[in-house]
Amino acid sequence: MAKFSIMLFGIDSYTKNQMQLPYKLDAKSADVALREARMCAMTFYPRFEETEKPDVEVVKR
Numbered sequence: 000m001a002k003f004s005i006m007l008f009g010i011d012s013y014t015k016n017q018m019q020l021p022y023k024l025d026a027k028s029a030d031v032a033l034r035e036a037r038m039c040a041m042t043f044y045p046r047f048e049e050t051e052k053p054d055v056e057v058v059k060r
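Per numbering that gives the first Met the number 0, residue 0 is the first one in the sequence shown, and the count goes up by one each step.
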């Protein structure tokens with residue numbers, strides 16, 4: 000397992016405000032961590048729409 004730092008960039012579809020959602024997750028791969036971050040974003044921010052490519056960094060292996 001590795002620790003990933005993920006930043007999702009997008010807008011709030013209701014207010015049209017720019018949003019940046021940071022997540023730090025433990026996962027087996029970057030794809031799994033990114034999928035989990037997107038699931039969290041959809042759960043807690045249902046109006047969030049991703050507009051840019053996410054920033055994914057490995058913090059610790």
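Even for Gly, the Cβ is constructed at its ideal location relative to N, Cα and C.
Discussion item. Given this structure, state the Cα-to-Cα distance separating E48 from S12, to the nearest angstrom.
Written reply: 6 angstroms
Discussion item. On the CB-based measure, 16 or more other CB atoms within 10 Å of its CB, does F3 come out buried or exposed?
Written reply: buried
Item to complete: Could you check the C-alpha separation between I10 and E56 for me, to the nearest Å?
Response: 22 angstroms
Discussion item. Comparing C-alpha positions only, which one of N16, E35, K52, E51 sits nearest to K23?
Written reply: E35
Worksheet entry | Span separating the alpha-carbon of M0 from that of R46 | 31 angstroms
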